[in-house]
Amino acid sequence: MPAHIAGTMHATPAPVWLPYPDDVNALLPSLWSDNVTKSDAGVLTIAGHAVTDLAERYGTPTLVMDVADFKARAENYVSAYSAAFSEDKGLAGVDVFYAGKAFLCTAVARWVHESGLGMDTCSLGEMMVARAAGVPGERVGLHGNNKSAAELEYALDYGVGRIFVDSLDEISLLESIAAARGVLAPVMLRVTVGVEAHTHDFIATAHEDQKFGLSVSAGTAAKAAEAVANSAHLRFDGLHSHIGSQIFDISGFQVAAARVLALRAEIMAEHGVDLPDIDLGGGFGIRYTSQDTPIPVAEMAQELAEVVAKECRGLGTNVPRISIEPGRAIVSPSMFTLYQVGTVKEVDTDNGVRTYVAVDGGMSDNIRTALYDADYSCTLANRNSGSEPVIVRVVGKHCESGDIIVRDEYMGSDVSSGDLVAVPSTGAYCRSLANNYNHLPKPGVLAVTTDKVEWIVTPEDYSQMLRSDPGMNAGERV
Numbered sequence: 001m002p003a004h005i006a007g008t009m010h011a012t013p014a015p016v017w018l019p020y021p022d023d024v025n026a027l028l029p030s031l032w033s034d035n036v037t038k039s040d041a042g043v044l045t046i047a048g049h050a051v052t053d054l055a056e057r058y059g060t061p062t063l064v065m066d067v068a069d070f071k072a073r074a075e076n077y078v079s080a081y082s083a084a085f086s087e088d089k090g091l092a093g094v095d096v097f098y099a100g101k102a103f104l105c106t107a108v109a110r111w112v113h114e115s116g117l118g119m120d121t122c123s124l125g126e127m128m129v130a131r132a133a134g135v136p137g138e139r140v141g142l143h144g145n146n147k148s149a150a151e152l153e154y155a156l157d158y159g160v161g162r163i164f165v166d167s168l169d170e171i172s173l174l175e176s177i178a179a180a181r182g183v184l185a186p187v188m189l190r191v192t193v194g195v196e197a198h199t200h201d202f203i204a205t206a207h208e209d210q211k212f213g214l215s216v217s218a219g220t221a222a223k224a225a226e227a228v229a230n231s232a233h234l235r236f237d238g239l240h241s242h243i244g245s246q247i248f249d250i251s252g253f254q255v256a257a258a259r260v261l262a263l264r265a266e267i268m269a270e271h272g273v274d275l276p277d278i279d280l281g282g283g284f285g286i287r288y289t290s291q292d293t294p295i296p297v298a299e300m301a302q303e304l305a306e307v308v309a310k311e312c313r314g315l316g317t318n319v320p321r322i323s324i325e326p327g328r329a330i331v332s333p334s335m336f337t338l339y340q341v342g343t344v345k346e347v348d349t350d351n352g353v354r355t356y357v358a359v360d361g362g363m364s365d366n367i368r369t370a371l372y373d374a375d376y377s378c379t380l381a382n383r384n385s386g387s388e389p390v391i392v393r394v395v396g397k398h399c400e401s402g403d404i405i406v407r408d409e410y411m412g413s414d415v416s417s418g419d420l421v422a423v424p425s426t427g428a429y430c431r432s433l434a435n436n437y438n439h440l441p442k443p444g445v446l447a448v449t450t451d452k453v454e455w456i457v458t459p460e461d462y463s464q465m466l467r468s469d470p471g472m473n474a475g476e477r478v
């Protein structure tokens, strides 16, 4: 997108990467889940259900999940990586853990477990959801750079299979808690390997100047390894590396894997321990717009398997069992957000007229555009347009000029109040990061199959939202 002295939101109405559509009503299939189509009349459907019917019955804004698509993507990760890391190929197998921070509820946790994946959690609340869904503790991992004593205690009581230690302070805290309970805590060290992930600074997590991990180059990882190896109450299971999110360059994963395996060899030689597990994290990019070029799942699996085999041969070490942590790559393409248009406004700019389409949600249900400069696509969802395509900016109803959902997309120039707009690939981090800015209730999540539509997260109402305000409880009732 061309630079502008006032920032990207003021750049030209037609970014160079956005192609002029042959048919403004057509869907780009790679941006949508498998069971989303459009009828001849231009109505978006999911698993045979028209979004016009969903909007009338359930309201907007609403996040809508294609359940079959979600399960298929989860199972594809298991099958592709299991094939690439099979013992028949001289490797030690693989575990796929769903990154619950992307989007989590009990239904999702249950589907993930039924599909053969483990569950990565980052808090007491996420562990509680996994446990309520019936996910066994040994199939759960706990992340976090500032875990509380309560979280560590719950993790040990739950019997989680891996605790990703993120600091020297955490080692001391976990050791004392494990000792008091008379248990051996399963530990993997999260290490910072110094790989540039080529992503937004806020979601790049393996460079040195950030809050996550134990630095390899500064020697902190080596100190942590010594402390865990010498502890009577910590079981040293392996190492973890996560280089960032929404990554399309496979070389970053390859370099990170090589560095982690080299560190593993050093630790095993120095301390006489075997580290059976290596977790290579997640961050696999997806397609939000036509400019994104994600790496196919099977290709990524094969490339990582080749790196692991090659590096272990060169190091002369046994081959560890590998773990990966897809979250966004599974859930994001399986969901879209359905909005209703309120107002349409044409604004003259230095580069032409920009059409602002304001909908009934915004940064309270999708803050990623404001937070990460994320790009999204969209489509008119309730009818065909017979008008010429124009560049629109889909914005929310919040009192912020940065309240943008879709920065640039073509829609028919006849888009108007009352129309429905659908934004694809909103499964990851949209509901997870939802907020009550301007006192808007959080939207719900509908799970859709061919024969069933149900809430898996119910929409928040005003009574729920205002319950924490004592003055509201004593005064006005909603």
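If you use UniProt numbering, the sequence shown corresponds to residues 1 to 478, in order. For each residue, glycine too, the CB sits at the ideal point set by N, CA and C.
What do you reckon, are the CB atoms on residue i and residue j nearer than 9 angstroms?
{"i": "residue 189", "j": "residue 261", "result": "no"}
{"i": "residue 47", "j": "residue 35", "result": "yes"}
{"i": "residue 85", "j": "residue 227", "result": "no"}
{"i": "residue 408", "j": "residue 392", "result": "yes"}
{"i": "residue 135", "j": "residue 109", "result": "yes"}
{"i": "residue 147", "j": "residue 126", "result": "no"}
{"i": "residue 380", "j": "residue 76", "result": "no"}
{"i": "residue 101", "j": "residue 327", "result": "yes"}
{"i": "residue 185", "j": "residue 163", "result": "yes"}
{"i": "residue 263", "j": "residue 193", "result": "yes"}
{"i": "residue 531", "j": "residue 404", "result": "Residue 531 lies beyond the residue range present for the chain, which begins at 1 and ends at 478; the question has no answer from this structure."}
{"i": "residue 138", "j": "residue 116", "result": "no"}
{"i": "residue 324", "j": "residue 165", "result": "no"}
{"i": "residue 241", "j": "residue 280", "result": "yes"}
{"i": "residue 479", "j": "residue 359", "result": "Nothing can be reported for residue 479: it is not among the residues displayed for the chain, which extend from 1 to 478."}
{"i": "residue 79", "j": "residue 93", "result": "no"}
On the three-state DSSP scale, how would you describe residue i?
{"i": "residue 287", "result": "coil"}
{"i": "residue 471", "result": "helix"}
{"i": "residue 243", "result": "coil"}
{"i": "residue 480", "result": "The requested residue 480 does not occur in the structure, where the chain is confined to residues 1 to 478."}
{"i": "residue 318", "result": "coil"}
{"i": "residue 60", "result": "coil"}
{"i": "residue 176", "result": "helix"}
{"i": "residue 428", "result": "coil"}
{"i": "residue 346", "result": "strand"}
{"i": "residue 157", "result": "helix"}
{"i": "residue 459", "result": "coil"}
{"i": "residue 323", "result": "strand"}
{"i": "residue 441", "result": "coil"}
{"i": "residue 235", "result": "strand"}
{"i": "residue 38", "result": "strand"}
{"i": "residue 400", "result": "coil"}
{"i": "residue 45", "result": "strand"}
{"i": "residue 106", "result": "helix"}
{"i": "residue 363", "result": "coil"}
{"i": "residue 293", "result": "coil"}
{"i": "residue 91", "result": "coil"}
List the endpoints of the continuous beta strand (DSSP E) containing residue i.
{"i": "residue 369", "result": "Careful: residue 369 lies outside any beta strand (DSSP E), inside the alpha helix (DSSP H) at 368-372."}
{"i": "residue 405", "result": "404-412"}
{"i": "residue 355", "result": "352-359"}
{"i": "residue 98", "result": "94-99"}
{"i": "residue 279", "result": "277-279"}
{"i": "residue 22", "result": "It is not in any beta strand (DSSP E) - residue 22 carries neither H nor E in the DSSP assignment."}
{"i": "residue 395", "result": "389-395"}
With burial defined as no fewer than 16 other Cβ atoms inside 10 Å of the residue's Cβ, what is the status of residue i: buried or exposed?
{"i": "residue 17", "result": "exposed"}
{"i": "residue 343", "result": "exposed"}
{"i": "residue 225", "result": "buried"}
{"i": "residue 318", "result": "exposed"}
{"i": "residue 122", "result": "buried"}
{"i": "residue 175", "result": "buried"}
{"i": "residue 424", "result": "buried"}
{"i": "residue 473", "result": "exposed"}
{"i": "residue 69", "result": "buried"}
{"i": "residue 463", "result": "exposed"}
{"i": "residue 454", "result": "exposed"}
{"i": "residue 291", "result": "exposed"}
{"i": "residue 332", "result": "buried"}
{"i": "residue 431", "result": "buried"}
{"i": "residue 337", "result": "buried"}
The alpha helix (DSSP H) that contains residue i, what's its start and end?
{"i": "residue 127", "result": "124-132"}
{"i": "residue 298", "result": "297-315"}
{"i": "residue 268", "result": "250-271"}
{"i": "residue 480", "result": "Limits of the chain in this structure are 1 at one end and 478 at the other, which puts residue 480 out of reach."}
{"i": "residue 162", "result": "Unbroken run through residue 162 is the beta strand (DSSP E), 162-165; no alpha helix (DSSP H)."}
{"i": "residue 69", "result": "67-84"}
Would you grab the beta carbon distance between residue i and residue j for me? Rounded to a whole angstrom, and I think it's under 8 angstroms.
{"i": "residue 368", "j": "residue 429", "result": "6 angstroms"}
{"i": "residue 414", "j": "residue 385", "result": "6 angstroms"}
{"i": "residue 221", "j": "residue 195", "result": "That pair is no contact at about 14 angstroms."}
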